[in-house]
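Colleague: Structure in structure tokens, see below.
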Amino acid sequence: DTAVSQTPKYLVTQMGNDKSIKCEQNLGHDTMYWYKQDSKKFLKIMFSYNNKELIINETVPNRFSPKSPDKAHLNLHINSLELGDSAVYFCASSHSTDTQYFGPGTRLTVL
Amino acid sequence: QKEVEQDPGPLSVPEGAIVSLNCTYSNSAFQYFMWYRQYSRKGPELLMYTYSSGNKEDGRFTAQVDKSSKYISLFIRDSQPSDSATYLCAMSRLTGTASKLTFGTGTRLQVTL
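Chains as they are written, first to last, in this note's numbering: chain P, 1 to 111; chain L, 1001 to 1113.
This is the structure we're talking about:
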């Protein structure tokens, strides 16, 4: 009964490939987020959706495309993966502007 | 200049010590202030959440906010080895129906026996 779950936990892939990371929350929240944590542990917001509507879109390459099929899911699709995309990606959710709860992370390694 | 500055540590203290973790910020638009704890290879976990200047206590943890100085602190009393983790300060601005969190770089804490 994990609150915010992500799949896969680990993802190893070659440069140039396309991959997706899935996120699901069972907290009944209406807002979901994607964050990127780099090798120096710096955590930075990428996107936020509220009820399937894009609310926050930071300066992220357009190779990254979030998709929200419903308010409990927010997936991240990455095209033409580059070495610099290697990082840990965290999904989070909240009830509107309230406290954000984070998932366990997906460790992406691009070779 | 980064919006949020946090000493990366590492900080090593003996068990039972009082730990003080600090962040400074430059953006007056921040409205809410949080401390997250992150164990190795895990997601950040919320420890403390506050929105006004002053102190907030929860067990061994006390969060302090000074908006006039743009400075926040987290104090851990009677530190335990299980407190060994990276502590991230975070500050938020409301953006419509979402809140945009800006994190510090995190302070790695090691509590030794």
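C-beta atoms are modelled at their ideal positions from N, C-alpha and C, and glycine is treated no differently.
1. Give me, in chain order, the residues of the same chain whose beta-carbon lies closer than 7 Å to that of Leu1046 of chain L; leave out the 5 immediate sequence neighbours on both sides.
2. Quick check on Thr97 of chain P: buried or exposed, where buried means 16 or more other Cβ atoms within 10 Å of its Cβ?
3. Using C-beta distances below 6 Å, list every residue in its chain close to His95 of chain P, excluding the 5 sequence neighbours before and after it, in chain order.
4. Indicate whether Ile1076 of chain L and Val1019 of chain L have their beta-carbon atoms separated by less than 7 Å.
5. Output yes or no for whether 7 Å exceeds the beta carbon distance between Lys1042 of chain L and Thr1050 of chain L.
6. Please name the residue, chosen from P:Asn26, P:Leu81 and P:Lys41, that lies closest to Phe90 of chain P on a Cα-to-Cα basis.
7. Given this structure, state the Cα-to-Cα distance separating Gly1114 of chain L from Ile55 of chain P, to the nearest angstrom.
8. Drop a sphere of 10 angstroms on the beta-carbon of Leu1021 of chain L, count the other beta-carbons inside from all chains shown, and report buried for 16 or more, exposed for fewer.
9. In the structure shown, what three-state DSSP assignment does Gly1054 of chain L receive?
10. Comparing the CB of Asp1078 of chain L with every heavy atom of the ligand SAM, is any distance shorter than 6 Å?
11. With a CB to CB cut of under 6 Å and the five nearest residues on each side skipped, what residues in its chain are close to Val88 of chain P?
12. Please report the straight-line C-alpha distance between Gln100 of chain P and Tyr35 of chain P, rounded to a whole angstrom.
13. By the 10 Å Cβ neighbour count, where 16 or more other Cβ atoms means buried, how is Asn1027 of chain L classified, buried or exposed?
14. Could you give the residue range of the beta strand (DSSP E) that holds Glu53 of chain P?
15. List the residues of chain L whose Cβ lies closer than 8 Å to the Cβ of Gln100 of chain P, in chain order.
16. Check for me: the beta strand (DSSP E) holding Tyr1039 of chain L runs from which residue to which?
17. So with CB distances below 8 Å, who are the chain P contacts of Tyr1049 of chain L?
18. Please name the residue, chosen from P:Cys23, P:Gly16, P:Lys19 and P:Asp85, that lies closest to Asp70 of chain P on a Cα-to-Cα basis.
19. Looking at the unbroken beta strand (DSSP E) that takes in Phe1061 of chain L, where does it start and where does it end?
20. Could you check whether the Cβ of Gly84 of chain P sits closer than 7 Å to any Cβ belonging to chain L?
21. Using a 10 Å radius around the Cβ and a threshold of 16 neighbouring Cβ atoms, would you call Pro1044 of chain L buried or exposed?
22. Below 9 Å on C-beta distance, what does Gly103 of chain P contact in chain L?
23. Mind checking if Leu27 of chain P is an interface residue toward chain L, Cβ cutoff 7 Å exclusive?
24. List the whole-angstrom C-beta distance separating Ser68 of chain P from Met32 of chain P, where the pair is believed to meet the contact cut-off of C-beta under 8 Å.
Modeller: Let's see:
1. One-based indexing of the second sequence puts residue 1046 of chain L at position 46. Within the same chain, Met1034 and Tyr1036 come within 7 Å of Leu1046 of chain L by CB-CB distance, once the 5 residues on both sides are set aside.
2. In the first sequence, counting from the first residue as 1, residue 97 of chain P sits at position 97. Counting every other CB atom within 10 Å of its CB across the protein chains shown gives Thr97 of chain P a total of 16 or more, marking it as buried.
3. As a working note, residue 95 of chain P is residue 95 in the first sequence. Here the set comprises His29.
4. Residue 1076 of chain L sits at position 76 when you count from the first residue of the second sequence. Residue 1019 of chain L sits at position 19 when you count from the first residue of the second sequence. Less than 7 Å separates the beta-carbon of Ile1076 of chain L from that of Val1019 of chain L.
5. Here residue 1042 of chain L is taken as the residue at index 42 of the second sequence, counted from 1. Here residue 1050 of chain L is taken as the residue at index 50 of the second sequence, counted from 1. Taking 7 Å as the Cβ cut-off, Lys1042 of chain L and Thr1050 of chain L do not qualify as a contacting pair.
6. On the first sequence, position 90 is the one that residue 90 of chain P refers to. When each option's Cα is compared against that of Phe90 of chain P, the closest is P:Lys41.
7. It is not possible to answer for residue 1114 of chain L, since the shown part of chain L is limited to 1001 through 1113.
8. Within the second sequence, numbered from 1, the residue matching residue 1021 of chain L stands at position 21. Answer is buried; the Cβ neighbour count reaches 16.
9. Position 54 of the second sequence, counting from 1, holds the residue named residue 1054 of chain L. In this structure, Gly1054 of chain L counts as strand in the three-state DSSP scheme.
10. Of ligands this structure carries none, so the ligand SAM is not represented either.
11. In the first sequence, the residue the question calls residue 88 of chain P occupies position 88. Gln37, Gly105 and Arg107.
12. The count along the first sequence starts at 1 and reaches residue 100 of chain P at position 100. The count along the first sequence starts at 1 and reaches residue 35 of chain P at position 35. Their Cα atoms are separated by approximately 12 Å.
13. Position 27 of the second sequence, counting from 1, holds the residue named residue 1027 of chain L. Its Cβ having fewer than 16 others within 10 Å, Asn1027 of chain L is exposed.
14. Start at 1 with the first residue of the first sequence, and residue 53 of chain P comes out as number 53. Residue range Glu53 to Asn57 is occupied by the beta strand (DSSP E) that includes Glu53 of chain P.
15. The sequence position of residue 100 of chain P within the first sequence is 100, counting from 1. Leu1046, Ser1099 and Leu1101, listed in chain order.
16. By 1-based counting over the second sequence, the position of residue 1039 of chain L is 39. Segment: none, Tyr1039 of chain L is in no beta strand (DSSP E) and carries neither H nor E.
17. The count along the second sequence starts at 1 and reaches residue 1049 of chain L at position 49. Thr99, listed in chain order.
18. For the purposes of this step, residue 70 of chain P is taken as residue 70 along the first sequence, with counting starting at 1. The shortest C-alpha separation from Asp70 of chain P is found at P:Cys23.
19. As a first step, residue 1061 of chain L must be located in the second sequence, where it is residue number 61. Note, Phe1061 of chain L: beta strand (DSSP E), Phe1061 to Asp1066.
20. Locating residue 84 of chain P in the first sequence gives position 84, counting from the first residue. Answer no: the Cβ-Cβ gap between Gly84 of chain P and chain L never drops below 7 Å.
21. Start at 1 with the first residue of the second sequence, and residue 1044 of chain L comes out as number 44. It is buried - the Cβ of Pro1044 of chain L has at least 16 other Cβ atoms within 10 Å.
22. As a working note, residue 103 of chain P is residue 103 in the first sequence. Within 9 Å Cβ-Cβ: Gly1043.
23. The residue you call residue 27 of chain P lines up with position 27 of the first sequence. With 7 Å as the cut-off, Leu27 of chain P does not count as an interface residue toward chain L.
24. Position 68 of the first sequence, counted from the first residue, corresponds to residue 68 of chain P. Position 32 of the first sequence, counted from the first residue, corresponds to residue 32 of chain P. Correct: roughly 7 Å between the Cβ atoms.
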